[in-house]
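Working notes, beginning with the structure itself.
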Amino acid sequence: MESAFKLKDDCSQDEYDQYMVDKFEPYLENNQLCITYGGDNEEENEFLRLIVEGYFDTQENDEIKSFAFINSFNIPELQLNLTNCKQVSFDRVPKQLIHLTIQSSQLKNIDGIQKIFGLEHLYLHRNELSDLNCLSSLQTLTTLALGNNKISDISFLESLTKLQSLFLSENQISDISVLEKLLNLNQLELNCNQISDISCFVKLTDHQFSTLNLSHNSIIDISALSKIESDVLSLANNQIIDINPLKLHCTTQLSLENNKISEIIHLQQFDNIYIKFNGQLYKGLFTYLKTQSFLRLFN
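Residue numbers for the sequence shown follow numbering that gives the first Met the number 0, beginning at 0 and rising by one.
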């Protein structure tokens with residue numbers, strides 16, 4: 000292990016920073032620093048763990064630790080691919096970061112991340128996060144990815160009105176009423192949650208999405224989507240019976256697999272339709288869908 004820590008006991012901050020820059024130069028590519036922890040090199044893993052968790056210092060100098068050295072790179076993007084890492088120290092994370100990725104870890108707490116007040120893109124997918132109130136002050140965020148965590152409360156999103164892309168799949172979310180405040184959303188993924196009420200979309204009249212994914216939930220009533228536009232819309236694996244409210248325009252792909260639909264009269268405007276019905280298909284189906292360029296039926 001000693002070979003990883005060749006620093007003088009009384010080294011200066013500048014000496015430390017230069018040492019770290021030399022150590023991490025191989026991780027620098029395309030103006031971003033990508034640090035992967037969890038590979039086969041045990042010595043390197045331990046070194047990275049101490050950096051990420053904020054424990055690394057030189058003897059008693061606790062000011063020389065954590066992410067301070069990254070300032071020397073003057074980079075806008077930091078990507079941490081961490082396996083079995085349960086905490087990250089944000090105390091010395093560069094304030095100039097606009098893009099931060101911490102994925103595939105076991106993070107449960109990200110308090111302190113609000114100090115990176117200029118963040119625009121934040122990816123925290125595949126962790127164990129539940130309380131994210133600390134994100135409410137990051138009002139510069141335009142992209143937020145929180146898929147595959149343990150999130151049930153998303154009220155912290157209310158102040159993040161600049162969000163354009165929001166990824167919340169594979170969580171424990173049931174209440175999405177806060178979304179009516181996010182008028183700039185373009186991409187929204189809420190698949191694999193516990194959602195039944197989508198009435199918040201009524202407040203987003205004439206809103207244009209490029210992607211709207213509400214699949215794998217418990218949705219029955221989709222009337223709130225009657226004036227929503229989306230290029231790609233997935234409502235697969237819900238409890239939907241009536242799809243007459245779907246009068247969307249410009250939609251190129253519609254997924255309705257595994258619902259309880261038996262009639263699809265009003266879907267002439269969709270280019271690609273994916274359907275798996277639980278009910279008896281309407282015998283005049285093909286009369287109404289003559290213009291479809293792609294139709295996939297599972298019955």
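All C-beta atoms, glycine included, are put in the ideal place defined by N, C-alpha and C.
Everything numeric in this text was worked out from a predicted model, so none of it was measured.
**Study point:** Limits of the beta strand (DSSP E) - the one that N212 falls within
**Key:** The continuous beta strand (DSSP E) containing N212 extends over residues 207-212.
**Study point:** Same chain only: Cβ atoms within 8 Å of K180, ignoring 5 sequence neighbours per side
**Key:** Taking C-beta separations shorter than 8 Å and ignoring five residues to either side along the sequence, the partners of K180 in its chain run L156, E157, T160, following chain order.
Check your understanding: Can you tell me whether G117 is buried or exposed, with buried defined as 16 or more other CB within 10 angstroms of its CB?
Key -> Classification for G117: exposed.
Check your understanding: In its own chain, which residues sit with a C-beta less than 6 Å from the C-beta of T204, not counting the 5 before and 5 after it?
Key -> Within the same chain, T204 has close Cβ partners K226.
**Study point:** Spatial distance of L123 from L143 (CA atoms)
**Key:** Looking at the two C-alpha atoms, the distance is approximately 8 Å.
Exercise for review: Give the DSSP-derived three-state secondary structure of E262 in the structure shown.
Suggested key: It is coil, neither helix nor strand.
Review point. What is the rounded straight-line gap between the Cα of S129 and the Cα of L167?
Key: When rounded, the distance between both Cα atoms is 12 Å.
Point to revise | Outcome for N192 when other beta-carbon atoms lying within 10 angstroms are tallied against a minimum of 16 | key: Under this definition N192 is a buried residue.
Practice item. Leaving out five residues on either side along the sequence, give the residues of the same chain with a beta carbon under 7 Å from the beta carbon of P244. Key: Excluding sequence positions up to five before and after P244, its CB lies within less than 7 Å of the CB of I221, S222, L224, S225, all in the same chain and listed in chain order.
Check your understanding: What do you get for L182, buried or exposed, if any count of 16 or more other CB atoms within 10 angstroms of its CB means buried?
Key -> Burial is judged here by how many other beta carbons sit within 10 angstroms of a residue's own beta carbon; L182 has fewer than 16 and is exposed.
Exercise for review: Kindly identify the DSSP beta-bridge partner or partners of H98.
Suggested key: DSSP lists E76, H120 as partners of H98.
Exercise for review: Use the C-beta contact count for I175: other C-beta atoms within 10 angstroms, 16 or more gives buried, fewer gives exposed.
Suggested key: Per the 10 Å Cβ criterion, buried.
Practice item. On a CA-only basis, which of G111, N190, I115, V231 is nearest L96? Give me that one, please. Key: Checked all of G111, N190, I115, V231; the closest Cα to L96 is I115.
Check your understanding: How many Å lie between S229 and A235 at the Cα?
Key -> Taking the straight line from one Cα to the other gives about 15 Å.
**Study point:** Under the three-state DSSP convention, the category D230 falls into
**Key:** In the displayed model, D230 falls within a strand according to three-state DSSP.
Review point. What is the DSSP secondary structure of N132, counted as helix, strand or coil?
Key: Helix, per DSSP.
Practice item. Could you tell me whether the Cβ atoms of S151 and Q171 are closer together than 8 Å? Key: Result yes, Cβ atoms of S151 and Q171 sit closer than 8 Å.
Practice item. Report the residue from Q113, L134, L145, C133 whose alpha carbon sits nearest the alpha carbon of N126. Key: With distances taken between Cα atoms, N126 lies closest to L145.
Practice item. Rounded to whole angstroms, what's the CA-CA distance from Q207 to D21? Just pull it up for me. Key: Going by C-alpha positions, Q207 is about 47 Å away from D21.
Check your understanding: If you follow the beta strand (DSSP E) that A144 is part of, which residue opens it and which one closes it?
Key -> A144 -> beta strand (DSSP E) spans 142-144.
**Study point:** Given K259 as reference, the closest of T251, Q238, Q252, L253 once Cα atoms are compared
**Key:** It is Q238.
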